[in-house]
Structure formats: structure tokens, C-alpha cells
Amino acid sequence: MSFYQLTKDRYSLRKFSDKPVEETVLNQILETGRTAPSAKNLQPHRIVVIQSPEALTALRGLTRNAFNAPVVLLLCGVPAEGWVNPFNQRNSTEMDVSIVTTQIMLQATELGLGTTWACWFDTEAVKSLLDLPAGWEPYVLLPLGYPAEDAKPSGQHELRKPLSETVIHK
């Protein structure tokens, strides 16, 4: 499959099968995230793999965005380790975590799994629940698993603005 086709085929999966994610598959997905570029290669990202029944149940008590996935990845960043742009003082950590997240999503899709990028959750409650180390900031919950037989993209999946609305040429 071409990369372009992979990006078109990926969609936000909200209905997962009961099939467990094999450790070798999960490790390949995590390794792909590890290879993601970051500003000055500082790699300020951190990932929490949530897969025990107890942790998943507790997480689902905090957010509906864990869905019924057998694994949820919490993608965090350590802003103190991120690069700061000297021109505008913007910290790169959230952007770097986003790059890792995107690579993980695309690798999962290539391997036949699905994900959903979710950032609608109480970060302080998640920090407390998972007892995150000091300095770790949660940015993305990424439910991960195989699609249920009747899973399908939302009706909005194909809606994309034309390039004329998102690109300018100078």
C-alpha cells in the first residue's frame, strides 16, 4: 500500500474487537514512535501503556474516549526537556508528542489496527490516576486495537477542505 493510501485509509476507530494486541505488534508500534523526529532530537515524549483490566476500567471512569480498546496509550511530554524557540519562546514538546502520535497511528493502521486521537480528558485526573512522574504532561489518549467487524469511519471522515483553502503559494 502506498503511503498516500495509508493516510487515506486511516480513520478514527471508536469500536474495537476483543482481540488482544500481541506484544510483538505493540512493541513494533512503540518502536515506530521512538523513531519519530523531535526538535533538536531532544525526544521529550513519554508513553504510558494502559492495558491491565483494572487500569482500563479506572481510565474509562474518567473519560469516554478510551472506548472499548484493549490498549490505550497515553502520550505525554516533559516540557522541561523540550526545545524552546528563541524567537517566540514556544516550547516544542506538544508538537514533538504530536509527531510521535502520528507515527504510531500510521504504523498501527499499516498493521491492521486502529486508533483514535483523543485529547478531551481531565489531564489532572489522569495524572493522579496513573501516578505520573513529576514533570510529565499528558497530551493524547490513543485507544489502540483491532477494529470490530462492524466498525466504520464516521460520516465526516471523507470531508476535507480543498487545497485552495489550506495552502497558499508565494
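Using full-length UniProt numbering, you'd call the opening residue of the sequence shown number 1 and step up by one each time.
Backbone N, C-alpha and C fix where the C-beta goes; we use that ideal spot for every residue, glycine too.
Query, Result
"Nearest by alpha-carbon distance to Val-126: which of Leu-56, Gln-43, Glu-110 is it?", "Leu-56"
"List the DSSP bridge partners of Leu-73.", "Val-49, Leu-142"
"Pick out whichever of Cys-119, Leu-129, Thr-123 has its Cα sitting closest to the Cα of Ala-58.", "Leu-129"
"Is the beta carbon of Leu-142 sitting closer than 8 Å to the one on Gly-82?", "no"
"Which class does Gly-155 belong to by DSSP, given the choice of helix, strand or coil?", "coil"
"Is Thr-115 closer than 8 Å to Met-105 when the C-beta atoms are compared?", "yes"
"What are the boundary residues of the alpha helix (DSSP H) that includes Asn-85?", "First-last for Asn-85: undefined, no H or E at that position."
"Let's test the definition: count the other Cβ atoms within 10 Å of the Cβ of Pro-37 and tell me whether it reaches 16, buried, or not, exposed.", "exposed"
"Can you find at least 3 beta carbon pairs, one from the region 157-165 and one from the region 70-85, that sit closer than 8 Å?", "no"
"Quick check: what's the CA-CA separation for Phe-121 versus Gln-5?", "31 Å"
"Under 8 Å by Cβ, that's how I've got Gly-135 and Val-100 pegged, so tell me the actual separation to the nearest angstrom.", "Wrong, their Cβ atoms sit about 17 Å apart, outside the cutoff."
"Just the C-alpha distance for Thr-123 and Arg-14, rounded to the nearest angstrom, thanks.", "21 Å"
"Reducing DSSP to helix, strand and coil, say where Gly-114 ends up.", "strand"
"Ala-66: buried (16+ other C-beta within 10 angstroms of its C-beta) or exposed?", "buried"
"Run the CB neighbour count on Ile-29, radius 10 Å, all protein chains shown included, and call it buried at 16 or more, exposed below.", "buried"
"One question on the structure: do Ala-39 and Leu-144 come within less than 8 Å of each other, judged by their Cβ atoms?", "no"
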